[in-house]
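Protein chains in written order, with this note's numbering: chain A, 18 to 559; chain B, 18 to 559.
C-beta: ideal position from N, C-alpha, C; glycine also.
Number of protein chains: 2
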Amino acid sequence: MLGLMQDQPLLISSLIEFAARHHANAEIVSRRVEGDLHRTTYREAAARARQVANALDRLDVPFGDRVATLAWNGYRHFELYFGVSGSGRVLHTLNPRLAPDQVVWIANHAEDRVLCFDMTFLPLIKAVWKNCTTVRHWVALCDAGALPADTGIEGLVSYEEWIAPQSTTYDWPQFDEKSAASLCYTSGTTGNPKGALYSHRSTVLHAYGAALPDSMGLSARDSILPVVPMFHVNAWGLPYVAAMTGAKLVFPGAALDGKSVYELIEGEGVTMAAGVPTVWLGLLNHMAPAGLRFSKLNRTVIGGSACPPAMISAFKDQYGVTVLHAWGMTEMSPLGTVCTLKLPQQALPPQQQMAVLVKQGRAVYGVEMKIVDPDGGELPWDGQSSGDLYVKGPWIICGYFKGEGGDPLVGGWFPTGDVATIDPDGFMQITDRSKDVIKSGGEWISSIDIENIAMAHPAVAMAACIGVRHPKWDERPLLVVVLKPGAQVTREALLAFYDGKVAKWQVPDDVAFVDAIPLGATGKMQKMKLREQFKDHRLPTA
Amino acid sequence: MLGLMQDQPLLISSLIEFAARHHANAEIVSRRVEGDLHRTTYREAAARARQVANALDRLDVPFGDRVATLAWNGYRHFELYFGVSGSGRVLHTLNPRLAPDQVVWIANHAEDRVLCFDMTFLPLIKAVWKNCTTVRHWVALCDAGALPADTGIEGLVSYEEWIAPQSTTYDWPQFDEKSAASLCYTSGTTGNPKGALYSHRSTVLHAYGAALPDSMGLSARDSILPVVPMFHVNAWGLPYVAAMTGAKLVFPGAALDGKSVYELIEGEGVTMAAGVPTVWLGLLNHMAPAGLRFSKLNRTVIGGSACPPAMISAFKDQYGVTVLHAWGMTEMSPLGTVCTLKLPQQALPPQQQMAVLVKQGRAVYGVEMKIVDPDGGELPWDGQSSGDLYVKGPWIICGYFKGEGGDPLVGGWFPTGDVATIDPDGFMQITDRSKDVIKSGGEWISSIDIENIAMAHPAVAMAACIGVRHPKWDERPLLVVVLKPGAQVTREALLAFYDGKVAKWQVPDDVAFVDAIPLGATGKMQKMKLREQFKDHRLPTA
Numbered sequence: 018m019l020g021l022m023q024d025q026p027l028l029i030s031s032l033i034e035f036a037a038r039h040h041a042n043a044e045i046v047s048r049r050v051e052g053d054l055h056r057t058t059y060r061e062a063a064a065r066a067r068q069v070a071n072a073l074d075r076l077d078v079p080f081g082d083r084v085a086t087l088a089w090n091g092y093r094h095f096e097l098y099f100g101v102s103g104s105g106r107v108l109h110t111l112n113p114r115l116a117p118d119q120v121v122w123i124a125n126h127a128e129d130r131v132l133c134f135d136m137t138f139l140p141l142i143k144a145v146w147k148n149c150t151t152v153r154h155w156v157a158l159c160d161a162g163a164l165p166a167d168t169g170i171e172g173l174v175s176y177e178e179w180i181a182p183q184s185t186t187y188d189w190p191q192f193d194e195k196s197a198a199s200l201c202y203t204s205g206t207t208g209n210p211k212g213a214l215y216s217h218r219s220t221v222l223h224a225y226g227a228a229l230p231d232s233m234g235l236s237a238r239d240s241i242l243p244v245v246p247m248f249h250v251n252a253w254g255l256p257y258v259a260a261m262t263g264a265k266l267v268f269p270g271a272a273l274d275g276k277s278v279y280e281l282i283e284g285e286g287v288t289m290a291a292g293v294p295t296v297w298l299g300l301l302n303h304m305a306p307a308g309l310r311f312s313k314l315n316r317t318v319i320g321g322s323a324c325p326p327a328m329i330s331a332f333k334d335q336y337g338v339t340v341l342h343a344w345g346m347t348e349m350s351p352l353g354t355v356c357t358l359k360l361p362q363q364a365l366p367p368q369q370q371m372a373v374l375v376k377q378g379r380a381v382y383g384v385e386m387k388i389v390d391p392d393g394g395e396l397p398w399d400g401q402s403s404g405d406l407y408v409k410g411p412w413i414i415c416g417y418f419k420g421e422g423g424d425p426l427v428g429g430w431f432p433t434g435d436v437a438t439i440d441p442d443g444f445m446q447i448t449d450r451s452k453d454v455i456k457s458g459g460e461w462i463s464s465i466d467i468e469n470i471a472m473a474h475p476a477v478a479m480a481a482c483i484g485v486r487h488p489k490w491d492e493r494p495l496l497v498v499v500l501k502p503g504a505q506v507t508r509e510a511l512l513a514f515y516d517g518k519v520a521k522w523q524v525p526d527d528v529a530f531v532d533a534i535p536l537g538a539t540g541k542m543q544k545m546k547l548r549e550q551f552k553d554h555r556l557p558t559a
Numbered sequence: 018m019l020g021l022m023q024d025q026p027l028l029i030s031s032l033i034e035f036a037a038r039h040h041a042n043a044e045i046v047s048r049r050v051e052g053d054l055h056r057t058t059y060r061e062a063a064a065r066a067r068q069v070a071n072a073l074d075r076l077d078v079p080f081g082d083r084v085a086t087l088a089w090n091g092y093r094h095f096e097l098y099f100g101v102s103g104s105g106r107v108l109h110t111l112n113p114r115l116a117p118d119q120v121v122w123i124a125n126h127a128e129d130r131v132l133c134f135d136m137t138f139l140p141l142i143k144a145v146w147k148n149c150t151t152v153r154h155w156v157a158l159c160d161a162g163a164l165p166a167d168t169g170i171e172g173l174v175s176y177e178e179w180i181a182p183q184s185t186t187y188d189w190p191q192f193d194e195k196s197a198a199s200l201c202y203t204s205g206t207t208g209n210p211k212g213a214l215y216s217h218r219s220t221v222l223h224a225y226g227a228a229l230p231d232s233m234g235l236s237a238r239d240s241i242l243p244v245v246p247m248f249h250v251n252a253w254g255l256p257y258v259a260a261m262t263g264a265k266l267v268f269p270g271a272a273l274d275g276k277s278v279y280e281l282i283e284g285e286g287v288t289m290a291a292g293v294p295t296v297w298l299g300l301l302n303h304m305a306p307a308g309l310r311f312s313k314l315n316r317t318v319i320g321g322s323a324c325p326p327a328m329i330s331a332f333k334d335q336y337g338v339t340v341l342h343a344w345g346m347t348e349m350s351p352l353g354t355v356c357t358l359k360l361p362q363q364a365l366p367p368q369q370q371m372a373v374l375v376k377q378g379r380a381v382y383g384v385e386m387k388i389v390d391p392d393g394g395e396l397p398w399d400g401q402s403s404g405d406l407y408v409k410g411p412w413i414i415c416g417y418f419k420g421e422g423g424d425p426l427v428g429g430w431f432p433t434g435d436v437a438t439i440d441p442d443g444f445m446q447i448t449d450r451s452k453d454v455i456k457s458g459g460e461w462i463s464s465i466d467i468e469n470i471a472m473a474h475p476a477v478a479m480a481a482c483i484g485v486r487h488p489k490w491d492e493r494p495l496l497v498v499v500l501k502p503g504a505q506v507t508r509e510a511l512l513a514f515y516d517g518k519v520a521k522w523q524v525p526d527d528v529a530f531v532d533a534i535p536l537g538a539t540g541k542m543q544k545m546k547l548r549e550q551f552k553d554h555r556l557p558t559a
């Protein structure tokens, strides 16, 4: 027997229409590529999203076809989010930090039909457009007047020209909520990039989950600054959450330096900002020397990689800002866990609270987690047992676009590739990436733990710990280090630095000093390349 | 093209399993009928919910069959919420405040197969059980020892006896999320009661919506006291929201007097309490003379009927507690709107904020609203135009159980029967019930406005305003008044009290003093009965 409730699909178009109706005058402020601030409202953004939908209908881009963007965070990108997905096409956000040949490879693999780009990326588009074989229409996100006449790109039009003649009314189609809505490729460190294909249902459910008080806690009283790019897992879903809650939106464009971000936060009364640790480092480095303060900011969501405890403390103690440590993946829309205290933990002394807050946090309802041993057996949530982290839920992928990489699930669960512990209260802590764990004589050594200790040494700028073949122990840890300019430390002094900080058998067997550690497109260390480079390294203990 | 996201239905069983796993040790505290406090956890409650599911399997109660409850708010009722719905049966919460023949009528109409009741209601069950023709199994929510041997009720068993032999493990079935989950009859003032049949999908989506920061803002840092009964629209969905968020739950049982509620709030560190205005009046009346304070309570959700502005101020100014004014209906699961300020309104002076906070509030995403004129034409959101309030969304009914009353929808919208204004910011304010509006010469007079003014007169205990036939104006308002014990006021003085408070043509034409105004099972004034009583009343103006 079915319930007798209205059958209304969860569609992305309903988010923007809700915002237009219930939060018509809430602001969307964007720092443009030109440097100026642009101000609009949800009412206006919805009207322009409808123009986008009408414009796509005119181009005869069929339902389900991909419309790509190569753009910073801004109001036009926001309009495309809703106009493209809402009208039944699939929004494909390309990552402009990738190498040109990777952009081409991904655009061709996605079979993008339209590509909309910020003027910053005109040189890139000029270089690659002929190789993007499926793209029929090129849209530059600017006024007609800002578009040079001599680009040579066939079918190029400015965004404003493109949508201007279109009606601001549009009957959003109603369809299966499981239909594809957006596509984002992972920056896989092995093999070709693979696409995560989100649905309308997953996007709306994720927005509910992300807005909850135990997640990002977003409301119509917030002014949100998504520093995390809209080309990276839909800016953690923030554009959708903002429309759902009617929060003010502040887009930073391309200016992600500390000074620009600080000015935007203060100028627009930002209450919540979200991004990766490096952005916040730049912000704090800008603020500290000048003795600057926040007037409205009360929390930052930090994810993408682990947030150093020192940064959590600095935000809290010096600026009164709560750091919400979060963890997720492209394959998870991306939200998996957020670290917020539970009721009994609120009475703990600050130091014990900090021991909780450095963890990646608790799952929000909609995400199930487990940790398993190498045989797939579930491990206890004791805060000690460390195993492969598996997840499942309605906003987690069941496969990659076009079936690339085969079936990624194991018994219905998605293996995250992370190694983690979970404590009895459900707080998860990443201890390593599965492939980076060093397996020494049947015991696991966390490369992250070893790196964090090295990073605390005053002479060390960057550190990576990798496993190197060892005749007796299978693998033993090698520490690869970049020193700070002008700093010096010996191999022996650095290894002695581990005394009392880890068990003796976890101390690296050797140190290699290098000029640079290779980084990927999203700033992560490419340990695979390091392992290749040091595969014949002879450990002194071997 | 469909997205590639995991296909996981939104089921009520996943809420309790999430709580058991991620919030195993969060507490559920219940004041029992016996008067003592009972303490358990989500881990234990989930185990017992699984025992309920196993026990129902043994009774051979088919999927979709109704299992009724007649019970106060408590841990056993909570276990039934999840054990019954989670295993695919339909939880039917009966309202014990109804007359015995109404209980019988509803139980027979619902075709309840099992009926679980608190011992408070044993006399009622003794009186009616033979007339409940479909019920095969009677379960008393108590220990075996607490059950008298001589009840005469065939097939009666105590809850603890019933579930004790059952396994605490259970494989929750996976099924269509649109399946029926629970059933609640409206206390219709006209015709027979009609059943709202909620689905698993609607229940989970409603829980997301209700937990949002712009709704009740619930998290694992809350200790929730649902004073609103679990037999009334699932206690506004709070048992589900609590499981979703891992909040501590505090159940008041049958003790809803000011003293008991206050002691529970203080003793259990309640941060959020939800109920109808009369309960809070009792609470404040208990606290004021003794100069009592709240130590943790920071907000109350008040719904069911409009909250008097004086109560909102008292909570805020004297106790530092925010009143969240809410509006909904049985047909809406029930949440429609909650009154929380928007970003720009936070800067308003207190008096202007109060002008917003007395409204019923803004829709949460998942609820669409419109107001229409008598021809169905949509009216503007100008805060002035008053019209019939229509709603739609995935947790709003599309029909009543067994099709009673025909198709309630009008063009896909559910007419709430309320008359309301909506301001440009989306804040809705109920001005009347459609059938209570007084239509005077083509103009509408809000009976609620007239009553509120009378209620502010020191001599008036209760006031109802109804329309009475008038030869010239079709209808004119008659004020029906119950005076406070020992108080006196003349007809003329009471009518003069309206001077300057409403337009002259809105002032009632007459006053009738009565000893009592008839109230329904949920404490609402039964104006239909008053209209019948005064249908031949001759107005002095006629």
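C-beta neighbour in chain B for residue i, strict 8 Å
| i | result |
| --- | --- |
| A:Gly-337 | no |
| A:Ala-343 | no |
Sheet register partners of residue i (DSSP bridge)
| i | result |
| --- | --- |
| A:Pro-243 | A:Ala-291 |
| A:Lys-211 | None; A:Lys-211 has no bridge partner. |
| A:Ala-529 | A:Val-497 |
| B:Ala-380 | B:Thr-354 |
| A:Tyr-202 | A:Gly-212 |
| B:Tyr-407 | B:Lys-387, B:Pro-432 |
| A:Leu-374 | BP columns for A:Leu-374 are empty, so no partner. |
Within chain A, partners of residue i - CB distance below 9 Å
| i | result |
| --- | --- |
| B:Ile-414 | Gly-20, Leu-21, Met-22, Gln-23 |
Where residue i falls: helix, strand or coil (DSSP)
| i | result |
| --- | --- |
| A:Trp-490 | coil |
| B:Asp-160 | coil |
| A:Asp-193 | coil |
| A:Ala-70 | helix |
| A:Pro-432 | strand |
| B:Thr-137 | helix |
| B:Glu-57 | Contrary to the premise, residue 57 of chain B reads as Thr rather than Glu in this sequence. DSSP places B:Thr-57 in strand when its eight states are reduced to three. |
Contact set between residue i and chain B, taken where Cβ atoms lie within less than 7 Å
| i | result |
| --- | --- |
| A:Gly-254 | Result: empty, since nearest Cβ-Cβ is about 13 Å, beyond 7 Å. |
Closer than 8 Å at the beta carbon, the chain A residues around residue i
| i | result |
| --- | --- |
| B:Met-261 | Tyr-382 |
Backbone CA spacing between residue i and residue j [nearest angstrom]
| i | j | result |
| --- | --- | --- |
| A:Pro-182 | A:Leu-108 | 22 Å |
| B:Thr-496 | B:Glu-283 | What sits at residue 496 of chain B in the sequence shown is Leu, not Thr. In a straight line, the C-alpha of B:Leu-496 is about 41 Å away from that of B:Glu-283. |
| B:Asp-193 | B:Val-258 | 21 Å |
| B:Gly-429 | B:Gly-394 | 14 Å |
| B:Leu-214 | B:Met-233 | 23 Å |
| A:Val-381 | A:Pro-411 | 12 Å |
| B:Tyr-569 | A:Ala-227 | Here chain B covers residues 18 to 559 and nothing more, so residue 569 of chain B does not appear. |
Partners in chain A for residue i, counting only beta-carbon separations shorter than 7 Å
| i | result |
| --- | --- |
| B:Phe-35 | Tyr-382 |
Residue-level contact to chain A via CB, residue i, 8 Å cutoff
| i | result |
| --- | --- |
| B:Arg-238 | yes |
| B:Pro-246 | no |
Within chain B, the residues that residue i reaches when beta carbons sit closer than 9 Å
| i | result |
| --- | --- |
| A:Phe-418 | Leu-21 |
| A:Pro-75 | One point to set straight first is that residue 75 of chain A is Arg, not Pro, in the sequence displayed. Neighbours of A:Arg-75 on chain B: none; closest Cβ ~21 Å, over 9 Å. |
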